[in-house]
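Asks: Mind looking over this structure? Questions follow.
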Amino acid sequence: MYVCICNAITDHEIRKAADLGARSLDDLSSSLGVATCCRRCADCARCVLDEHLATQACAAAGDD
Ligand code: FES
Numbered sequence: 010m011y012v013c014i015c016n017a018i019t020d021h022e023i024r025k026a027a028d029l030g031a032r033s034l035d036d037l038s039s040s041l042g043v044a045t046c047c048r049r050c051a052d053c054a055r056c057v058l059d060e061h062l063a064t065q066a067c068a069a070a071g072d073d
């Protein structure tokens, strides 16, 4: 799904950026341009990022 309409950024792209090292909304803004226009996507983008990072942490700990 599209998370950032202004820049046509999807949740898939946010997860991929996290896999490549993005750890904050600022990282997503720098790498993808998320939340650099109207910023209505900021909360959703942060949520997608945090959820993906938590999933990675569970998988790494073997809790998944
Ligand atoms: S929807 Fe992301 S900056 Fe507007």
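Going by this note's numbering, the sequence shown opens with residue 10, and the numbers climb by one from there.
Glycine included, each C-beta is placed from N, C-alpha and C at the ideal position.
Just so we're clear, the structure is a prediction, and the values are computed from it rather than from any experiment.
1. Does ligand 1 have even one heavy atom less than 6 Å from the beta-carbon of Ile-23?
2. Could you check the C-alpha separation between His-84 and Met-10 for me, to the nearest Å?
3. Should Ala-27 and Val-43 be called a contact, given that it needs their Cβ atoms to be closer than 7 Å?
4. Quick one: give me the first and last residue of the beta strand (DSSP E) that Cys-13 is part of.
5. Give me the Cα-Cα distance between Ser-39 and Gly-71, rounded to the nearest whole angstrom.
Replies: Looking at the atomic coordinates:
1. On the sequence shown, residue 23 is found 14 positions in, with the first residue counted as 1. Incorrect: Ile-23 has no Cβ contact closer than 6 Å to ligand 1.
2. The question about residue 84 has no answer here: the residues shown for the chain are numbered 10 through 73.
3. For this step, residue 27 is matched to residue 18 along the sequence shown. For this step, residue 43 is matched to residue 34 along the sequence shown. No.
4. Within the sequence shown, the letter at position 4 stands for residue 13. Residues 11-13.
5. In the sequence shown, counting from the first residue as 1, residue 39 sits at position 30. In the sequence shown, counting from the first residue as 1, residue 71 sits at position 62. Approximately 31 Å between the Cα atoms of the pair.
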